[in-house]
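The sequence shown begins at 2 in my numbering and counts up by one. Even for Gly, the Cβ is constructed at its ideal location relative to N, Cα and C. Data block below; observations after.
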Amino acid sequence: HGLTRAPEGYTAAQATNVAVVDELTRRLKADRVVIVGNSMGGGVSWAYALAHPERLNGLVLVDAAGWPREDKGNEKPPVVFKLLGNPAGRALLRNINPRPLATRGLKSAYVDEAVVTPALVDRYVELALAPGHRAILTSGRDGPQRRVDRSAFGTIKTPTLVMHGEADTVIDVAAGRGLASAIPGAKLITYPGVGHVPMEQIPDQSAKDLRAFLASLPAT
Numbered sequence: 002h003g004l005t006r007a008p009e010g011y012t013a014a015q016a017t018n019v020a021v022v023d024e025l026t027r028r029l030k031a032d033r034v035v036i037v038g039n040s041m042g043g044g045v046s047w048a049y050a051l052a053h054p055e056r057l058n059g060l061v062l063v064d065a066a067g068w069p070r071e072d073k074g075n076e077k078p079p080v081v082f083k084l085l086g087n088p089a090g091r092a093l094l095r096n097i098n099p100r101p102l103a104t105r106g107l108k109s110a111y112v113d114e115a116v117v118t119p120a121l122v123d124r125y126v127e128l129a130l131a132p133g134h135r136a137i138l139t140s141g142r143d144g145p146q147r148r149v150d151r152s153a154f155g156t157i158k159t160p161t162l163v164m165h166g167e168a169d170t171v172i173d174v175a176a177g178r179g180l181a182s183a184i185p186g187a188k189l190i191t192y193p194g195v196g197h198v199p200m201e202q203i204p205d206q207s208a209k210d211l212r213a214f215l216a217s218l219p220a221t
């Protein structure tokens with residue numbers, strides 16, 4: 002998608018995103034797919050698995066959102082998440098310079114601040130400044146979000162890999178462990194010293210683990 006616009010009236014609610022994924026797979030005539038999601042995308046991925054289990058051959062959750070729990074562990078969500086949590090904050094985000102928030106958020110997510118280069122910040126700022134991006138971002142908290150009981154994850158029969166950075170301060174590793182324990186047969190891989198985005202912090206190792214999981218899936 003890159004910096005493309007979203008359709009008029011689009012909201013980033015979980016149900017909407019699940020519908021987008023479903024429509025995409027159908028348009029591509031992909032009968033059974035492996036879906037991989039990080040963070041909010043992980044939440045969309047498990048929600049898709051619950052809604053359309055017959056269309057999945059595999060599920061990969063990378064530091065995924067949505068595990069219901071009271072204890073947030075070592076989580077220190079980026080400031081932008083706090084702003085998204087209330088109407089006044091969402092209004093502010095529609096007009097604020099995104100660079101300071103992007104820089105702070107990336108340093109929190111990556112753990113290793115040396116990885117957060119000016120070029121990386123520029124990439125996220127360009128995305129934030131794309132037409133319609135901030136309106137879509139803030140709309141996600143206005144739309145309905147699916148709340149599930151832990152027992153719902155026990156109904157997922159799709160082969161599942163859960164990957165999680167042990168130093169993640171956005172979504173604590175306890176959430177990954179919870180998902181892996183609740184989804185029957187799920188495999189859990191945690192990464193010491195890695196934050197919220199393993200695929201960017203340790204691309205070689207995380208890709209190797211993903212390829213091994215894909216190779217283990219039954220042929221379709």
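DSSP three-state assignment for Val-117, whether helix, strand or coil: Here Val-117 sits in coil by DSSP.
Residue interval of the beta strand (DSSP E) (run including Gly-166): That run of the beta strand (DSSP E) goes 161 to 166.
Pro-101 versus Lys-108: straight-line alpha-carbon distance, rounded: Whole-angstrom Cα-Cα distance: 11 Å.
Cβ neighbour criterion (16 or more within 10 Å) applied to Pro-39: Looking at the sequence shown, residue 39 is not Pro but Asn. By the neighbour-count rule (16 or more Cβ atoms within 10 Å), Asn-39 is buried.
Identified DSSP bridge partners for Ile-172: Beta-bridge pairing links Ile-172 to no other residue.
Rounded separation between Val-35 and Leu-57 - CA only: For Val-35 and Leu-57, the gap between their C-alpha atoms comes out near 6 Å.
N-terminal and C-terminal residue of the alpha helix (DSSP H) that Val-21 is part of: 15 to 28 is the span of the alpha helix (DSSP H), which, as asked, contains Val-21.
Rounded distance between the beta-carbons of Leu-180 and Val-198, thought under 8 Å: A Cβ-Cβ separation of about 17 Å leaves Val-198 out of contact with Leu-180 under the 8 Å criterion.
Nonlocal neighbours in the same chain, by C-beta distance under 6 Å from Ala-187, ignoring five residues either side: Hits under 6 Å: Thr-161, Val-163 and Ala-181.
Check whether Gly-196 and Tyr-125 have beta carbons under 7 Å apart: No, they are not a contact pair.
Beta-carbon proximity list for Ala-168, same chain, < 7 Å, skipping 5 on both sides: Here the set comprises Val-112, Gly-194, Val-195 and Gly-196.
Burial state of Thr-118 (16 or more Cβ within 10 Å): Exposed, since its Cβ has fewer than 16 Cβ neighbours within 10 Å.
Per-residue burial, Asn-18 [other beta carbons within 10 Å of its own, 16 or more giving buried]: By the C-beta density criterion, Asn-18 is buried, having at least 16 other C-beta atoms within 10 angstroms.
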